[in-house]
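Structure first, then comments.
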Amino acid sequence: MAKGTTHSATKAEALKGRKWWLVDANEKTVGRLATRIASVLKGKHKPSYTPSMDTGDFVVVVNAGKVRFTGKKESDKTFFSHTMHPGGAKHTAMNKLRERHPEDIVLNAVRRMLPRNALGRQMMTKLKVYAGDKHPHAAQKPEQLPLAQ
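Residues 3 to 151, numbered by my numbering, are exactly what the sequence shown covers, in order.
This is the structure we're talking about:
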């Protein structure tokens, strides 16, 4: 390849080099964890990164119910949703979300760091989040993802 040129990955190249990564979210800060996961889902850690293609890897997150927040986010932060009917606004507190669906904390954080289009939805299908320490992806032999501390 000539100096100064760029290479866009083909669909075959993007699918060929996919790996599985395992992340233990126990006592990790949500935002820092989500940025690293979003980067891997996009494929930014690879030299073949192409912004218009899904060149990323699969990520399995365990212990998602044990992530931590800084400051008073655990008690003050709320998630907004709407039923699309008049007066249908719903605000869910973080501690309620942790009780009912602890894996949604990580899912929401990562989803909001990915593109808001079909490509971002395709990237989200490669994220597998589990509240406990068990996961059904042992056959894929996921490697431990290095996280900055």
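Built from N, CA and C at the ideal position, the CB exists for glycine as well.
* Would you list, in sequence order, the uninterrupted alpha helix (DSSP H) runs of no fewer than 4 residues that lie entirely inside the region 51-80? => 75-78
* Asked: Out of curiosity, what's the CA-to-CA distance linking Glu105 and Arg70?
  -> 13 Å
* Asked: Shortest alpha-carbon distance to Met125 belongs to which of Ala133, Thr80, Val112, Lys98?
  -> Sorting Ala133, Thr80, Val112, Lys98 by C-alpha distance to the C-alpha of Met125 places Val112 at the top.
* Asked: Any heavy atom of the ligand SAH within a distance shorter than 7 Å of the CB on Arg102?
  -> By its list of ligands, the structure shown contains no ligand whatsoever, and the ligand SAH lies outside what it can speak to.
* **Cα-Cα separation, Thr37 to Pro88** => 35 Å
* Val108 versus Val32 - alpha carbon distance -> 7 Å
* **Nearest-angstrom Cα separation, counted from Gly6 out to Lys75** => Taking C-alpha positions only, Lys75 is separated from Gly6 by approximately 46 Å.
* Using the C-alpha atoms, what's the distance from Gln146 back to His139? -> When rounded, the distance between both Cα atoms is 13 Å.
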